[in-house]
Each structure stands twice: as C-alpha cells, then as structure tokens.
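Asker: Residue numbers for the sequence shown follow the working numbering, so the first one is 8 and each next one is one higher. Using N, Cα and C, we set each Cβ at its ideal position, and we do this for glycine too.
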Amino acid sequence: MTTSSPADVRPDPPHSPAHAPDDHSLAEFGYRQELHRSLGRYASFAAGFSFISVLTTVFQFFAFGYAFGGPVFFWAWPVVLAGQLLVAACFAELAARYPISGAIYQWASRLSTPSFGWFAGWIMVIGQIVVVAAAALALQMVLPAIWSGFQLIGTDPSPVSPDGAANAALLGVVLLVLTTVVNVVDNRVMSVINRVGVTAEIIGAVLIVVLLLTHSERTPGITFHTTGAAQSGLFGALAVGSFTAAYVMIGFDSAGEMSEETHNPRRTAPRTILTALGAAGLLGGLIVLGGLLAAPSLTDGHLGVDGLSYVLTSSLGDGVGKVLLADVVVAIAVATLAIQTAACRMLFSMARDGQLPFSARLARVNPRTGMPSAPALVVGVLAAALLLLNFASPDAFLAIGTTCIVMLYLAYAMVTGPLLLRRLRGEFSSAGTDETGAPLFSLGRWGVPVNALALLYGVLMTVNLAWPRGAVYDPAGGHWYFQWFTVLFLAVTVAAGVAFRAYRKRASALTVVPEAVA
Numbered sequence: 008m009t010t011s012s013p014a015d016v017r018p019d020p021p022h023s024p025a026h027a028p029d030d031h032s033l034a035e036f037g038y039r040q041e042l043h044r045s046l047g048r049y050a051s052f053a054a055g056f057s058f059i060s061v062l063t064t065v066f067q068f069f070a071f072g073y074a075f076g077g078p079v080f081f082w083a084w085p086v087v088l089a090g091q092l093l094v095a096a097c098f099a100e101l102a103a104r105y106p107i108s109g110a111i112y113q114w115a116s117r118l119s120t121p122s123f124g125w126f127a128g129w130i131m132v133i134g135q136i137v138v139v140a141a142a143a144l145a146l147q148m149v150l151p152a153i154w155s156g157f158q159l160i161g162t163d164p165s166p167v168s169p170d171g172a173a174n175a176a177l178l179g180v181v182l183l184v185l186t187t188v189v190n191v192v193d194n195r196v197m198s199v200i201n202r203v204g205v206t207a208e209i210i211g212a213v214l215i216v217v218l219l220l221t222h223s224e225r226t227p228g229i230t231f232h233t234t235g236a237a238q239s240g241l242f243g244a245l246a247v248g249s250f251t252a253a254y255v256m257i258g259f260d261s262a263g264e265m266s267e268e269t270h271n272p273r274r275t276a277p278r279t280i281l282t283a284l285g286a287a288g289l290l291g292g293l294i295v296l297g298g299l300l301a302a303p304s305l306t307d308g309h310l311g312v313d314g315l316s317y318v319l320t321s322s323l324g325d326g327v328g329k330v331l332l333a334d335v336v337v338a339i340a341v342a343t344l345a346i347q348t349a350a351c352r353m354l355f356s357m358a359r360d361g362q363l364p365f366s367a368r369l370a371r372v373n374p375r376t377g378m379p380s381a382p383a384l385v386v387g388v389l390a391a392a393l394l395l396l397n398f399a400s401p402d403a404f405l406a407i408g409t410t411c412i413v414m415l416y417l418a419y420a421m422v423t424g425p426l427l428l429r430r431l432r433g434e435f436s437s438a439g440t441d442e443t444g445a446p447l448f449s450l451g452r453w454g455v456p457v458n459a460l461a462l463l464y465g466v467l468m469t470v471n472l473a474w475p476r477g478a479v480y481d482p483a484g485g486h487w488y489f490q491w492f493t494v495l496f497l498a499v500t501v502a503a504g505v506a507f508r509a510y511r512k513r514a515s516a517l518t519v520v521p522e523a524v525a
C-alpha cells in the first residue's frame, strides 16, 4: 500500500509546477500531490465533454441506431439523457466530497468496502480501455468519406465489411500511437489540445445542427415511425435503438477523474460533470433529429449503413460536408485522447494504493511533466490489441462498442447502489463547504428518489445492452462468441479480478508467515 498518511504529506516547494492554494486538498485522504494541478473550469468541462464527444459517438453509432430502430430511435435519446442526468447528479455530489483521481474506484471504496470498490475500479478501467479502442475505430466512419485514399485496405469503406473493419483497425492503431505520445508528454499540452479540440467540436456541432435543420426534407413527425427498422415492434426498436444514445452519453465522470489536476475541484467538478453531459445531450439530440430530417431518403439503405457522413455530403454538398467531417476527425482524435487520459488516471489511482500488478511502476509520476507515463503505454497497447479483433470479423466493431457501454454502466451502478444504501441508512451527509466557503453541491431532500431512479435506470440499461440478441450481435450467424461477447468479456474480467486478488492474498500470507516464525 503506497498511500501516505496525512502526517506524512509534505508540501511541494513554491517553485513546483503543482504548487497552488489547493495543493493540500488530498492530505485528508492520505495522498500527496503528485499530478500537476493546472486545469481550470473550462479544462475540467473539456475533460468530460471530450470523453462524451458527441460528434465522435453520434457519427459512429447513428447508422446502427437507425438500422435497427428506424426514425423512432430518436425518442430513445431523451430517455437516456434523463437517466444519465440522474446518475450525473449523484456523481456531482460525490465529486464534491471525494475530489480524487480514479473517481469510480475511490467513490465505491468509500461508500462500500475496499473489495467492492476494487471490483468497481477494475471493471471501470477495463471498460475504459475498451472505450478507447471503440473511439479509435470511429475514424473509419469519417476519413474515407473525406478522401478515398484513407481506405488503405481494400475498397469497401463500410465498417461492417471485411475491408472496412480491417481499415478501421489500422487507422485506429495510428491514432492510438499519437494519443499515447500526448499522454506521456505533459498535462498542460494535453489540456491545450483538449480545450482547442472541444471548442472546435462545439462550433462544428452547432454548425451541423443549423445546416441540417435548414436543409430539412421532412417534418419532425417522421420520428414517430419505425419505417425500415430491422427490429420488430416499437419496444424492440427503442430498446436496440437506445444503444446509440447509451454509447454517446458515458464518460461525464471524467471531470471528477481529473480532480487532482483541477483548481478548486470541490466546486468545479460537480458543475462540469453536469454541464458536460447536458451540453452533449442537447447537441447530440439535435444532430440526430437534424440527420433524420435532412437525409435525402429514409428508405434507400444509405442511412442505415453510411449514417450521418452520407447525410452531410449528400445534403450539404461535398465541399461543406467534407469540411464538417474534418471537424469530426478532430473530435474523434480528442475523444480518444481524453478517454485514454481517464483510463490512465484510474490505473494510477488504483496502483497508488498498491491494488494492481506492477503497482510501483504504474503509480510513478514524472515530476517534470506531472504525467504517469506507464499507464498511458499500458492503455495504448491494450486498446490496440483489442482493435486486432476487427481483422477477425466486422462484427467485432459492434461487439467492442456495446461491451464498453455495459462495463461502464455496471461500474456506475456499483457507485449509485452503495450510495443509495448510505442514504437510506442516514449515513450520507450533505454538510461541508467547497474551496470558496460555499456549501457543497447537494441534492438535499431529492437525494433518495433521484438516487433510486438512477440505480434502476442503470440496472435496466445494463441488462438491455448485454442481452445476447443474435440479430444484433451476430446477424450473419455462425459466430456465437460475438452474440455472447459482452457477457463473456464481463465474465472473464470478473474472473481475472478474482484470480488476481486470490493470488495477491496467498502471496501476502506466504510473506507474513516467515516473519511470524522469526
């Protein structure tokens, strides 16, 4: 266990890059300030918004949502947004009380038991690594549409074709090399790239919304139809169509993940968690609606295969469409960077507590850059390895995407569940002040109902996403492991966690026995 006690915490020298008035906010939790505290409010907002990355995720999964849900899949969006806002409200309370890197792990450990918190962190970090891989795959939805020369393998750019799947993996690996380098260099460089990228993404998203809505071909009434939906029935169309919204609106907790690098985190993080999700949810919903209204046709098959890239280039023209797609490329790169950064902080936080293999190396922070370099390399290599599944089958694209959502939803529920129990027992206090002396963010009397609904929503969505639908996960048939991929991946993740903890417990016992004999 590498955690320092409060008495052991020593202040950074005045010339230290980390030096700031709130450098010692970690002391009460027994940690020493090692990461450089240099992020302001906008940078904190950018951390959450860029993980969600509405342009990356909407462009990546719009075609899937439309193919299975038809136009009515739009209505899954406000439902998922409302559910995730409930979760985000609970997280905002926790971010104010526990402003520590490794948010999900730290929160679950303090609300429940260290073992339960460990599994929440373990599931979360594995899920984050899968999200990194899924985000990197999104380049395939955009780059070949800008220029055919980006189709380096084969001729078919569709991500569900063998050529497109293999090319997606290749483009993704190149992107991961770049993001890994940035995650090693310096957190100020990472922050600048995040802020610039998020600003470009917001501007681009607003332009896309305006242009799509002004090029409408039909009325919003089309969203009440299931025309062309592969999933039969209204409920089925919404249940599967909700995958798109569920994939988009995850990662808002990243603002809490970066708390140790944020000025006044108790005040800043709760607000940026909510504003990042709210802004992304609003923009994403308008983009989905605009795409449905501006599409040249809802029945020619393009919308369910090529998605929004097809709408932009065909409705707005190649020139304008490709400029906007270039902005989407920036969003994808920044999103992959932000997600990898969040996974690095989770690995660092768990390793700092001695909770992972090679903890000493993973917890080491470069004093000059303020970055934990080893976690960046680990996340980059493992995410790149996952991309190799795309060479095996195009179905891996969807398997990777849905698996990462399930992992994060489950980890979220492992926080909202213990939090609800604490509330019901009267053990969760709303007392306290932030760095400015103002009361901490609190749901007050709404805490129990909001928390209960957040947990219920999270559990139901986890089951919905993980349900092994053959028509969704293995449409071609013959790949049972893709149909059950999410369930199997989760089972392997938990089994690996159990095995590691059993090994560590046995190793600790063998170490203690000789000392006792001596």
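Write down the C-beta distance between Pro401 and Val139 rounded to the nearest angstrom, noting that I regard them as a contact closer than 8 Å.
Answerer: Not quite, the Cβ-Cβ distance comes to about 20 Å (not below 8 Å), so this is no contact.
Asker: Does the structure place the region 226-235 close enough to the region 251-264 that three or more beta carbon pairs sit under 8 Å?
Answerer: At 8 Å Cβ cutoff, the stretches do not touch.
Asker: Thinking Ser345 and Ala102 are a contact (beta carbons under 8 Å), I'd like their distance in whole angstroms, please.
Answerer: One point to set straight first is that residue 345 is Ala, not Ser, in the sequence displayed. Ala345 to Ala102, Cβ: 17 Å. No contact.
Asker: DSSP beta-bridge partners for Pro446?
Answerer: Bridge partners of Pro446: Thr440.
Asker: What are the boundary residues of the alpha helix (DSSP H) that Tyr488 is part of?
Answerer: Looking at the DSSP string, the run of the alpha helix (DSSP H) that includes Tyr488 is 487-490.
Asker: Indicate whether the contact test is met: 3 or more Cβ pairs, each with one atom in the region 73-85 and one in the region 236-251, closer than 8 Å.
Answerer: Short answer: they touch.
Asker: Residues bridged to Thr269 by DSSP?
Answerer: In DSSP, Thr269 forms a bridge with Leu46.
Asker: Please decide whether Gly477 counts as near chain C, where near means a Cβ-Cβ distance under 7 Å.
Answerer: Note that chain C does not occur in the displayed structure, where there is just one protein chain.
Asker: Tell me the rounded alpha-carbon separation between Gly292 and Gly314.
Answerer: Cα-Cα distance, rounded: 15 Å.
Asker: Would you call Ala523 buried or exposed, if buried means 16 or more other Cβ atoms sit within 10 Å of its Cβ?
Answerer: With a pLDDT of 44 at Ala523, under the threshold of 50, the modelled position of that residue is not reliable, and no figure is offered here.
Asker: Taking the alpha-carbon positions, what's the Phe69 to Gly288 distance?
Answerer: Spanning the two alpha carbons is a distance of roughly 14 Å.
Asker: Only counting the same chain, and skipping five residues up and downstream in sequence, which positions put a Cβ closer than 8 Å to that of Val94?
Answerer: Hits under 8 Å: Tyr419, Thr423, Ala461, Tyr464, Gly465.
Asker: According to DSSP, is Met468 helix, strand or coil?
Answerer: Looking at Met468 - three-state DSSP - the assignment turns out to be helix.
Asker: So which of Phe492, Ala333, Gly485, Leu405 has the shortest CA-CA distance to Gly211?
Answerer: It is Ala333.
Asker: Check this for me: beta carbons of Val341 and Ser57, under 7 Å apart or not?
Answerer: Their beta carbons are under 7 Å apart, which means Val341 touches Ser57 by this criterion.
Asker: Can you find the residues in the same chain that come closer than 6 Å, C-beta to C-beta, to Thr376, ignoring five residues on each side of it along the sequence?
Answerer: Within the same chain, Thr376 has close Cβ partners Asp193.
Asker: Whose C-beta lies closer than 7 Å to the C-beta of Arg430 among residues of the same chain, with five residues either side of it excluded?
Answerer: Result list for Arg430: Gly454, Val455, Asn458, in chain order.
Asker: Are the CB atoms of Ala115 and Gly124 nearer to each other than 7 Å?
Answerer: The answer is yes: Cβ separation under 7 Å.
Asker: For the candidate residues Ser304, Phe126, Lys329, Leu417, whose alpha-carbon lies nearest to that of Ile215?
Answerer: Answer by Cα proximity: Lys329.
Asker: Taking the C-alpha atoms as reference points, what is the distance between Glu442 and Ser32?
Answerer: So the alpha carbons of these two residues sit roughly 9 Å apart.
Asker: Go through its chain and collect everything with a Cβ distance to Ala301's Cβ below 7 Å, but skip five positions before and after it.
Answerer: For Ala301, where only same-chain residues beyond five positions count, the Cβ hits under 7 Å are Leu219, His222, Ser223, Glu224, Val318, Ser322.
Asker: What did DSSP end up calling Tyr480 once you bin it into helix, strand or coil?
Answerer: Helix.
Asker: Assign Val505 to one of two classes, buried (16 or more other C-beta atoms within 10 Å of its C-beta) or exposed (fewer than that).
Answerer: Val505 comes out exposed.
Asker: Where Pro28 and Thr269 are concerned, what is the direct C-alpha to C-alpha distance, given to the nearest angstrom?
Answerer: Note that Pro28 scores a pLDDT of 48, beneath 50, so its modelled location is shaky and nothing firm can be said.
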